[in-house]
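Q: Have a look at this one.
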Amino acid sequence: MSQSNGIAEAEPTRDGPLVRLESDFAEDGGFGKRVLEVTSSDVKVLDQAGTTLLQVPIADIKTAKNDPLVSGGRLLIEMKSGEAIMAVSYSMTHAQEFSEAARGIEQLAKGQALEINLKHEKTRCDKCGRLLPEKDGVCPNCINRGKTMLRLARFIKPYRSKGFLLLGTASCATLVALVPPALQGRILDGFNEGVRDPGFLFQFVSLWALVLVIAAGLQVFNGRLMTYLGARLASDLRTTTYRSIEFLTLNYFDKKPVGAIASRVTQDTDRVWFFLVDGLPFLVINGMMLLAVAILIFSINWFLAICILLPIPLVALISVKAWKPISNLFFRVSQKMARVHMHLNESLMGIRVVKAFAKEDSEYEKFLRRSEELRNAHTRADQTWHTAFGLMTLCVSMGTVIHWTVGGAMLFRGDLRFGQFYMINAYLGMIYGPLQWFASVNNWFSRAMAGAERIFEIMDMKPEPAFVGGIDRPMVGDVEFRDVRFGYDKSNPVINGVSFTAKAGEMIGLVGHSGAGKSTTINLVSRFYEPDQGQILIDGVDYRDLDLRSYRNQIGIVLQEPFLFHGTIADNIRYGAPDASLEQVMAAAKAANAHDFILAKPDGYDTTVGERGARLSGGEKQRISIARAILHDPKILILDEATSSVDVETERKIQEALQRLVQGRTTFAIAHRLSTLRNADRLIVLDRGKIVEMGTHEELMDKKGHFFDLVQTQSAVNEIIGVGMV
Numbered sequence: 024m025s026q027s028n029g030i031a032e033a034e035p036t037r038d039g040p041l042v043r044l045e046s047d048f049a050e051d052g053g054f055g056k057r058v059l060e061v062t063s064s065d066v067k068v069l070d071q072a073g074t075t076l077l078q079v080p081i082a083d084i085k086t087a088k089n090d091p092l093v094s095g096g097r098l099l100i101e102m103k104s105g106e107a108i109m110a111v112s113y114s115m116t117h118a119q120e121f122s123e124a125a126r127g128i129e130q131l132a133k134g135q136a137l138e139i140n141l142k143h144e145k146t147r148c149d150k151c152g153r154l155l156p157e158k159d160g161v162c163p164n165c166i167n168r169g170k171t172m173l174r175l176a177r178f179i180k181p182y183r184s185k186g187f188l189l190l191g192t193a194s195c196a197t198l199v200a201l202v203p204p205a206l207q208g209r210i211l212d213g214f215n216e217g218v219r220d221p222g223f224l225f226q227f228v229s230l231w232a233l234v235l236v237i238a239a240g241l242q243v244f245n246g247r248l249m250t251y252l253g254a255r256l257a258s259d260l261r262t263t264t265y266r267s268i269e270f271l272t273l274n275y276f277d278k279k280p281v282g283a284i285a286s287r288v289t290q291d292t293d294r295v296w297f298f299l300v301d302g303l304p305f306l307v308i309n310g311m312m313l314l315a316v317a318i319l320i321f322s323i324n325w326f327l328a329i330c331i332l333l334p335i336p337l338v339a340l341i342s343v344k345a346w347k348p349i350s351n352l353f354f355r356v357s358q359k360m361a362r363v364h365m366h367l368n369e370s371l372m373g374i375r376v377v378k379a380f381a382k383e384d385s386e387y388e389k390f391l392r393r394s395e396e397l398r399n400a401h402t403r404a405d406q407t408w409h410t411a412f413g414l415m416t417l418c419v420s421m422g423t424v425i426h427w428t429v430g431g432a433m434l435f436r437g438d439l440r441f442g443q444f445y446m447i448n449a450y451l452g453m454i455y456g457p458l459q460w461f462a463s464v465n466n467w468f469s470r471a472m473a474g475a476e477r478i479f480e481i482m483d484m485k486p487e488p489a490f491v492g493g494i495d496r497p498m499v500g501d502v503e504f505r506d507v508r509f510g511y512d513k514s515n516p517v518i519n520g521v522s523f524t525a526k527a528g529e530m531i532g533l534v535g536h537s538g539a540g541k542s543t544t545i546n547l548v549s550r551f552y553e554p555d556q557g558q559i560l561i562d563g564v565d566y567r568d569l570d571l572r573s574y575r576n577q578i579g580i581v582l583q584e585p586f587l588f589h590g591t592i593a594d595n596i597r598y599g600a601p602d603a604s605l606e607q608v609m610a611a612a613k614a615a616n617a618h619d620f621i622l623a624k625p626d627g628y629d630t631t632v633g634e635r636g637a638r639l640s641g642g643e644k645q646r647i648s649i650a651r652a653i654l655h656d657p658k659i660l661i662l663d664e665a666t667s668s669v670d671v672e673t674e675r676k677i678q679e680a681l682q683r684l685v686q687g688r689t690t691f692a693i694a695h696r697l698s699t700l701r702n703a704d705r706l707i708v709l710d711r712g713k714i715v716e717m718g719t720h721e722e723l724m725d726k727k728g729h730f731f732d733l734v735q736t737q738s739a740v741n742e743i744i745g746v747g748m749v
């Protein structure tokens, strides 16, 4: 695999290195060039001139890892002798690549095949070299607008009959709009020729009125049809984008703020809708109008037509020259707007924390800065647009001046009738009026295409693997980890070489210090992430071969911070089983010790819980989440600190509910209070990503090892807290 910028490559060649990376730091911490080369036999570090600064045999290496620092990182190689070698340092720009390289060195040291991905997040466009608005984002300057428009046109396919109807009626509306100036010119010519018959005037005025009625009818019909098509296309885009987002991996959500993701569904689709409803019809109708009027003017007098249309190339030139700069400026506006939305979303979601720390002024200052950045970007974009628009207005005015100069002279000489002069003057407005706004439509088009490209970027992303098409069968509940390794930073595994078996119906307690790998283990069981190495077997089958939807439908999760959706209590309990009857919902609530407090609410099971369950206490939310899991009836149950944030009485009720919930299910439990895991069939004690002890509560206490130390430490802390509260 190779990078287009030449920074990283991982291609086994006959004579070259397996991995070659360039860093941007020298040994003294200043900027400089160092090259890491990894072959099947050794690891080398070279300076800019190609001189070897370090050479380490692969056979002597135990492991390698990326050591993150404040402004960058360094590649550390641990030798079998115990010596640690700092091979090369680098900025954060290259940290991801060197993390993968460290994993590759470790694979080679263990005699494994090299399986790494050196694809890094792009900060600059490969084509023009400009900074991207966001990492791995779309370059607004290099968007293939024609290709994007063609792809957007695929969404029109279900509505193509109405699209053709709109095109036909728009053509009719264009032809009808040409009739009134011709009628007016004929009336004026009649007066000029001495016709004084009122019937002559009434005939043409009546026809004129009829044309206006037809034009108004076509305008109403076209407007309604355009709105119909635009709204449905935008809705299809919005729902398709949301659907694509739902199936992205959690890695994407780990890297992207929620506000930035939400703007793809809202802001970007709105831009496309605006262009489809207003911009595209404007281009089509006025493009046809321009062609038709040009033909009519040439049919009246070709010389005058050439003269008055001379400013058009100048208008087009200004439009083309201003198009890209203006579109880039407005793209920057959209990025600033996304930042404002992101901060607004974050500050409102965390309003309790803001108030708790009295940080209203601080958050206001942040919002003010982002708002000022948006204001400045908007001001610059709008000022540039108004400058271009003013120049085009001048060109349009010159077209009228040319008509009155050349056409007026022809009128005085008798080479042009007065009615023809008037018709051409009326048609000029039909040409130059819309022409002034073509730059604005270009701006709409650019913003819409940029939004569409961001939408298609989401649609083209790789979804979660094997969401459909895998093995779909009822689960027994046997879970086995075989030498599982996983790290969010691939060179720094959070769990490393973990192996254990959980039989169907067993309760496994996961114990360890913060960062030991407990939450990562249950994330792997839930298949939110997949192992970098090793296997996770469900009923003897690698769970990557299972249908993901079917697998997750047989898993229940009770989180430390339960998430409830805005709606009623009953809706939240039946979230995993939407077809459940009220009797089944109540039975689940009773099993979760939630029935009594629900009935105490004014609306009972129809009580609205508010956003994220804000109208309920922590214990109430937790018991509703347990009821939700009970009704879901999973084969594998995950309890993540389910009782860590409640009082003693609430904890007792939750513990009773959990005892009912775990019956007959394979359960993985993480508990804040170690004493709550006494009933677990086995405890797995994790330390720095490895299993250090395994056994029952009594066995581990008798062993007086890591688990015993954890219990003693927790008991001592509880005593200190108790003394402090006296």
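Each residue of the sequence shown is one higher than the last, beginning at 24 in this note's numbering.
Quick reminder that beta carbons are idealized off the backbone N, C-alpha and C, glycines included.
No experiment lies behind these values; they were computed from the predicted model shown.
1. For Val608 and Arg597, which I take to be in contact (beta-carbon distance under 8 Å), what is that distance rounded to the nearest angstrom?
2. Rounded to whole angstroms, how far is the Cβ of Ile661 from the Cβ of Ile561, which I believe are closer than 8 Å?
3. Checking 8 Å against the spacing of the C-beta atoms, do Tyr450 and Pro204 come in under that value?
4. To the nearest angstrom, how far is the alpha carbon of Asp259 from that of Leu252?
5. Ala339 lies in the alpha helix (DSSP H); which residues open and close that run?
6. Ordered along the chain, which non-local residues of its own chain (more than five positions away) have a Cβ less than 8 Å from that of Ile578?
7. Within the chosen definition, does the stretch 312-326 reach the stretch 441-455 through at least 3 CB pairs nearer than 8 Å?
8. Would you report the Cα separation of Glu480 and Arg247, rounded to the nearest angstrom?
9. Can you check which of these residues, Thr116, His117, Ser104, Leu99, is closest to Glu129 by C-alpha distance?
10. Could you name the residues that DSSP lists as bridge partners for Leu59?
11. Helix, strand or coil: which one does DSSP assign to Asn752?
12. Would the stretch 532-539 count as touching the stretch 553-572 if we require 3 or more Cβ pairs under 8 Å?
13. Between which two residues does the beta strand (DSSP E) holding Ala525 run?
14. Tell me whether Lys185 sits in a helix, a strand or coil according to DSSP, three-state version.
15. Locate the beta strand (DSSP E) running through Thr272, then write down its first and last residues.
16. Short check: CB of Val61 to CB of Pro40, under 8 Å?
17. Taking only the alpha-carbon atoms, compute the straight-line gap between Leu533 and Leu681 and give it to the nearest angstrom.
18. Do Gly442 and Arg209 have their C-beta atoms closer together than 8 Å?
19. For Tyr628, name the three-state secondary structure that DSSP assigns.
20. Run the CB neighbour count on Ser184, radius 10 Å, all protein chains shown included, and call it buried at 16 or more, exposed below.
21. Here's the rule I'm using: 16 or more other beta-carbon atoms within 10 Å means buried, otherwise exposed. How should Pro497 be labelled?
22. Less than 8 Å separating the beta-carbons of Asp710 and Gly535?
23. Rounded to a whole number of angstroms, what is the C-alpha to C-alpha distance between Phe731 and Thr263?
24. Could you tell me the distance, in whole angstroms, from the CA atom of Ile494 to the CA atom of Val68?
25. CB-CB under 7 Å to Val377, same chain, minus the five flanking residues each way: which ones, in chain order?
26. Label Met415 either buried or exposed according to how many other C-beta atoms from any shown protein chain fall within 10 Å of its C-beta, with 16 as the threshold for buried.
27. I need the straight-line Cα distance from Ile649 to Ala617, nearest angstrom please.
28. By the DSSP assignment, the beta strand (DSSP E) with Met102 in it spans what residues?
29. Am I right that Ala110 and Leu59 are in contact with their C-beta atoms under 8 Å? What's the rounded C-beta distance?
30. Could you pull out every unbroken beta strand (DSSP E) segment of at least 3 residues lying fully inside the stretch 689-722, listed in chain order?
31. Quick check: the stretch 273-287 against the stretch 224-243, are at least 3 beta-carbon pairs closer than 8 Å?
32. Whole angstroms is fine: what's the gap from Arg398's alpha carbon to Lys278's?
33. For the pair the stretch 293-307 and the stretch 332-346, tell me if three or more CB-CB distances fall below 8 Å.
34. Return helix, strand or coil for Lys85, following the three-state DSSP convention.
35. Closer than 8 Å, CB to CB, is Leu241 near chain D or not?
36. Cα separation between Met433 and Leu233?
A: Answer, in terms of the structure:
1. Counting from one through the sequence shown, the residue named residue 608 turns up at place 585. Counting from one through the sequence shown, the residue named residue 597 turns up at place 574. About 6 Å separates the beta carbons of Val608 and Arg597, which is inside the 8 Å limit, making them a contact pair.
2. In the sequence shown, counting from the first residue as 1, residue 661 sits at position 638. In the sequence shown, counting from the first residue as 1, residue 561 sits at position 538. In fact, because the Cβ distance is near 14 Å, the residues do not count as touching under 8 Å.
3. Counting from 1 along the sequence shown, the entry for residue 450 is found at position 427. Counting from 1 along the sequence shown, the entry for residue 204 is found at position 181. Yes; because the gap between Cβ atoms is below 8 Å, this pair is in contact.
4. Against the sequence shown, residue 259 aligns to sequence position 236. Against the sequence shown, residue 252 aligns to sequence position 229. Asp259 and Leu252: Cα-Cα distance of roughly 10 Å.
5. Against the sequence shown, residue 339 aligns to sequence position 316. According to the DSSP assignment, Ala339 belongs to the alpha helix (DSSP H) that extends over 334-372.
6. The residue labelled residue 578 in the question sits at position 555 within the sequence shown. Correct list, in chain order: Val548, Ser549, Pro657, Lys658, Ile659, Leu660, Ile661.
7. The stretch 312-326, when compared against the stretch 441-455, does touch it at the 8 Å Cβ threshold.
8. As a position in the sequence shown, residue 480 is number 457, starting the count at 1. As a position in the sequence shown, residue 247 is number 224, starting the count at 1. Straight through space, the alpha carbons of Arg247 and Glu480 are spaced by roughly 31 Å.
9. Within the sequence shown, residue 129 is the residue found at index 106, counting from 1. Nearest to Glu129 by C-alpha distance, out of Thr116, His117, Ser104, Leu99, is Leu99.
10. In the sequence shown, counting from the first residue as 1, residue 59 sits at position 36. The partner list for Leu59 (beta bridge, DSSP) reads Leu44, Val68.
11. Past the boundaries of the shown model lies residue 752; the chain is included only from 24 to 749, so the question cannot be answered.
12. The stretch 532-539 makes no contact with the stretch 553-572: fewer than 3 CB pairs, one atom from each, lie closer than 8 Å.
13. Here residue 525 corresponds to residue number 502 of the sequence shown, with the count starting at 1. Ala525 -> beta strand (DSSP E) spans 518-525.
14. Numbered from its first residue, the sequence shown carries residue 185 at position 162. Of the three classes helix, strand and coil, the one that applies to Lys185 here is helix, per DSSP.
15. Mapped onto the sequence shown, residue 272 falls at position 249. Per DSSP, Thr272 belongs to no beta strand (DSSP E) and is neither H nor E.
16. Residue 61 sits at position 38 when you count from the first residue of the sequence shown. Residue 40 sits at position 17 when you count from the first residue of the sequence shown. Pro40 is positioned such that its CB atom lies closer than 8 Å to that of Val61.
17. On the sequence shown, residue 533 is found 510 positions in, with the first residue counted as 1. On the sequence shown, residue 681 is found 658 positions in, with the first residue counted as 1. Their backbone Cα atoms lie some 16 Å apart in a straight line.
18. As a first step, residue 442 is located in the sequence shown; it is residue number 419 there, counting from the start. As a first step, residue 209 is located in the sequence shown; it is residue number 186 there, counting from the start. Cβ distance < 8 Å, so Gly442 and Arg209 count as in contact.
19. Your numbering for residue 628 matches position 605 in the sequence shown. Note: Tyr628 maps to helix in three-state DSSP.
20. Taking the sequence shown and counting its residues from 1, the one referred to as residue 184 is at position 161. By the 10 Å Cβ count, Ser184 comes out exposed.
21. Residue mapping note: residue 497 aligns to position 474 of the sequence shown, counting from 1. It counts as exposed.
22. Translated into the one-based positions of the sequence shown, residue 710 becomes position 687. Translated into the one-based positions of the sequence shown, residue 535 becomes position 512. Taking the C-beta atoms as reference points, Gly535 is found nearer than 8 Å to Asp710.
23. Here residue 731 is taken as the residue at index 708 of the sequence shown, counted from 1. Here residue 263 is taken as the residue at index 240 of the sequence shown, counted from 1. In this structure, the CA atom of Phe731 is about 53 Å from the CA atom of Thr263.
24. The residue you call residue 494 lines up with position 471 of the sequence shown. The residue you call residue 68 lines up with position 45 of the sequence shown. Straight-line spacing of the CA atoms in Ile494 and Val68 works out to 47 Å.
25. If you number the sequence shown from 1, residue 377 lands on position 354. If we look at Val377 and ignore the five residues flanking it on each side, its Cβ neighbours are Ser370, Glu383, Glu386.
26. Looking up residue 415 in the sequence shown gives position 392. Classification of Met415: buried, given that the 10 Å Cβ count is 16 or more.
27. Here residue 649 is taken as the residue at index 626 of the sequence shown, counted from 1. Here residue 617 is taken as the residue at index 594 of the sequence shown, counted from 1. When rounded, the distance between both Cα atoms is 9 Å.
28. In the sequence shown, the residue the question calls residue 102 occupies position 79. Start and end: 95-102.
29. Position 87 of the sequence shown, counting from 1, holds the residue named residue 110. Position 36 of the sequence shown, counting from 1, holds the residue named residue 59. The pair is a contact, with the Cβ atoms about 7 Å apart (cut-off 8 Å).
30. Here the runs fully enclosed are 689-693, 705-710, 713-718.
31. Counting C-beta pairs closer than 8 Å gives fewer than three between the stretch 224-243 and the stretch 273-287, which falls short of the contact rule.
32. Start at 1 with the first residue of the sequence shown, and residue 398 comes out as number 375. Start at 1 with the first residue of the sequence shown, and residue 278 comes out as number 255. Note on geometry: alpha-carbon atoms of Arg398 and Lys278 lie some 27 Å from one another.
33. Between the stretch 293-307 and the stretch 332-346, the count of Cβ pairs shorter than 8 Å is below three; the stretches do not touch.
34. Indexing the sequence shown from 1 puts residue 85 at position 62. Of the three classes helix, strand and coil, the one that applies to Lys85 here is strand, per DSSP.
35. In the structure shown, chain D cannot be found, because there is only a single protein chain.
36. The count along the sequence shown starts at 1 and reaches residue 433 at position 410. The count along the sequence shown starts at 1 and reaches residue 233 at position 210. Computed Cα separation, rounded: 33 Å.
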